[in-house]
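First comes the structure, then the notes that go with it.
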Amino acid sequence: MDHPTNPGPGAIDVSRRRWLRGLSAATLAAGGGVAVAPKARAQTTKTKAHIVIAGSGLGGIAVANRLSRMLDGARITIVDAKQEHNYQPGYTLVATGIWPVEKVRDRNADYLPAGVEWVQEMVAEFDPEANAVVTTGGKRIAYDYLVVATGLHLDYAQIEGMDVAAIGTHGLGSVYASPQSALATWRAMDAFRQQGGHAVMTLPAGPLKCAGAPLKMTFLVADRLRQAGTLGKSHVDFFTGLPTDTVFGVKVVNDNVIERWDAMGVERHHLNKLVAVDIGARQATFATPEGERTEVGYDFLHVVPPMRATDAVKKSALAWKEGPMAPGGWLEVDKVTLRHQRYPNVFGVGDINGTPRGKTAATVKKSAPIVAHNLVEVIAGREPDDKFDGYTSCPLIVREGSAMLIEFDYDGKLTPSLPMIEPLQESYMAWLMKYRMLKPAYVAVLKGRV
Ligand SMILES: Cc1cc2nc3c(=O)[nH]c(=O)nc-3n(C[C@H](O)[C@H](O)[C@H](O)COP(=O)(O)OP(=O)(O)OC[C@H]3O[C@@H](n4cnc5c(N)ncnc54)[C@H](O)[C@@H]3O)c2cc1C
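Remember, my numbering sits 1065 above the position in the sequence shown when you count from 1.
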């Protein structure tokens, strides 16, 4: 794997390093494209309550670390079979040959607070009427309070013929599935860029984690072709299930991206969702809402799967039963307090939440302290009083060495947190945030420090 123009540590002189340290501090304070740090809450609350946290990803561990400091005497149990902790925001860097895969691999055990019980199984069933979860191994665990942090399900099965194990072969890429699939995507992209040809990039309609990732992959495949000198004999097509002239949910960002793609010659095909792929024949099939199907041959295909709630949540009483979030089975939380609307001893954090926006690590940065605080308020017999504004952030890479840092709230209003970064202007500084500073910020969130 090559890393052609990485500004490695050696490339940064002392004064720049000092300036970077300042920025890094600002990043953590402001959040790394992340918002204001929570109010300091020094006092602990005494309780004998048993809190179960389902999921030990970013949200689950961040809340566990906070609760273990905020509560005195509580029993905290975290349920998740996964041992490896993955820094998912780094997948796009791995999938485009910028980072080695080791940078997105860690161990959950290194971040879990002391004294927390870790049940290394999955939750198979949520039974909120009985205040219990049942694990895949058949353990029934009763709780006083529950935090749901299971992340989401990548629904590759909705794409006929798709095989995650084949990513990296036959020009097939998909950044989302795992570190291995991100690395294999780079293998496919690297082989493709040597010759150039037809790249087909995809984006389904519906809630996605890091909805900017499919856009970054599109910018970066074009950049990799340009670097290899094969862009001129290549064509980049972008197929999406979204309506005409829509590629992103925030209008100003959407229009900015479309303007750039039009200038680059990226051709958009809207209301066309990926429904099937013939991996061996390198043929993708797209369908319109009316059922009209188009078969498209490709040299490189980037698959973005539809996303929905994890099975255990989707089939449970905790899921939305009506409204736009019901088909995906997302967790029915109040979008401001992040407390369940029907089960007051249940909270949600992270991608599983059925809220209008907010499926990013930056969202967890801002919302995990709110969930922890509001849960402690409820334990203490008070009403939850911390409010979440839907903060979501995405460093949108436009080429290697340049990005735009986009931050916004539930209303789609831009909420820039770093004065030196203009949201809709690409900059080296926004790139540095993504390339160097967001992982330390992420680890600080995991440890419940910011
Ligand atoms: C390609 C890609 C690029 C991204 N880029 C960015 C970015 O640039 N900026 C940004 O801020 N965010 C980005 N993100 C999004 C970010 O990584 C997620 O929003 C964040 O990890 C969500 O945290 P979470 O705790 O909700 O879920 P996760 O971190 O996914 O953790 C969920 C955990 O729940 C566990 N689990 C699942 N089902 C069960 C069950 N039934 N019982 C128990 N445990 C269960 C899983 O094993 C997992 O450990 C990106 C994500 C991807 C994939």
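Just so you know, even glycine gets a beta-carbon here, dropped at the ideal spot from N, CA and C. In this text the structure is predicted, and so the values were computed from the model without any measurement.
N1321: member of the alpha helix (DSSP H) spanning K1316 to M1329, first to last residue. For L1268, the uninterrupted beta strand (DSSP E) run begins and ends at H1263 to L1268, by DSSP. Excluding its 5 nearest sequence neighbours in each direction, N1337 has C-beta neighbours in its own chain below 8 angstroms: F1304, T1305, G1306, F1351, A1352, T1353 and T1359, listed in chain order. By the neighbour-count criterion, in which 16 or more other beta carbons inside 10 Å mark a residue as buried, G1233 falls on the buried side. Note: Q1348 is bridge-paired with D1343 and G1362 in the DSSP secondary-structure output.
Bridge pairing for A1119: V1144 and V1213 [DSSP].
In this structure, DSSP gives V1128 a helical state, which the three-state scheme calls helix. For R1347, the closest of F1313, W1496, A1253 and P1392 by C-alpha to C-alpha distance is A1253.
Distances between the C-beta of L1237 and the heavy atoms of ligand 1 are all 8 angstroms or more. Distance from the C-beta of S1482 to the nearest heavy atom of ligand 1 is not below 8 angstroms. In chain order, R1258, G1261, L1296 and S1299 place their CB closer than 7 angstroms to the CB of L1290, counting only its own chain and leaving out the 5 sequence neighbours on each side. The beta carbon of E1397 sits closer than 8 angstroms to those of L1383, A1384, W1385, K1386, M1390, H1405, Q1406, R1407 and G1419, all from its chain and outside the five residues before and after it, given in chain order. For a cut-off of 8 angstroms, the C-beta gap from V1510 to K1430 is around 5 angstroms, short enough to register as a contact. Residue environment: D1175 is assigned as exposed (fewer than 16 neighbouring CB atoms within 10 Å of its CB, all protein chains considered). For M1372, the closest alpha carbon among the candidates D1145, Y1208 and Y1241 is that of Y1241. DSSP lists no bridge partner for P1434.
According to DSSP, F1313 shares a beta bridge with no other residue. With a beta-carbon spacing of about 6 angstroms, S1432 and L1403 fall inside the 8 angstroms limit used to define contacts.
Relative to the Cα of P1279, the nearest Cα in the group N1319, R1140, T1112 and S1121 belongs to N1319.
Close CB contacts of A1129 within its chain, under the 7 angstroms cut and outside five residues either way in sequence, are with I1118, I1141, I1143, L1177, P1178 and V1181 (chain order). Judged by the Cβ position, Q1153 qualifies as a neighbour of ligand 1 at the 8 angstroms threshold, a heavy atom of the ligand being closer than this.
DSSP assignment within the segment 1179 to 1213 yields the following whole beta strand (DSSP E) runs of 3 residues or more, N-terminal first: 1182 to 1184, 1188 to 1192, 1197 to 1200, 1205 to 1207 and 1210 to 1213. With a cutoff of 9 angstroms on beta-carbon distance, D1288 and E1465 are scored as near each other. Taking non-hydrogen atoms of ligand 1 into account, the C-beta of K1274 is found less than 8 angstroms away from one of them. Between Y1210 and T1267, the alpha-carbon positions lie close to 40 angstroms from each other.
Residue pairing for N1418: DSSP places it in a beta bridge opposite L1396.
Sequence-distant partners of T1311 (beyond 5 residues in either direction) whose C-beta falls short of 8 angstroms from its own C-beta, in its chain, are T1305, N1319 and H1335. Within the same chain, P1460, A1468, M1469, L1470 and I1486 come within 7 angstroms of A1495 by CB-CB distance, once the 5 residues on both sides are set aside.
Contact between G1513 and A1127 holds: CB atoms are separated by about 6 angstroms, below the 8 angstroms threshold. Approximately 5 angstroms separates the beta-carbon atoms of I1444 and T1112; this is inside 8 angstroms, confirming the contact. Nearest C-alpha to L1489 among G1122, N1321, Q1148 and G1162: N1321.
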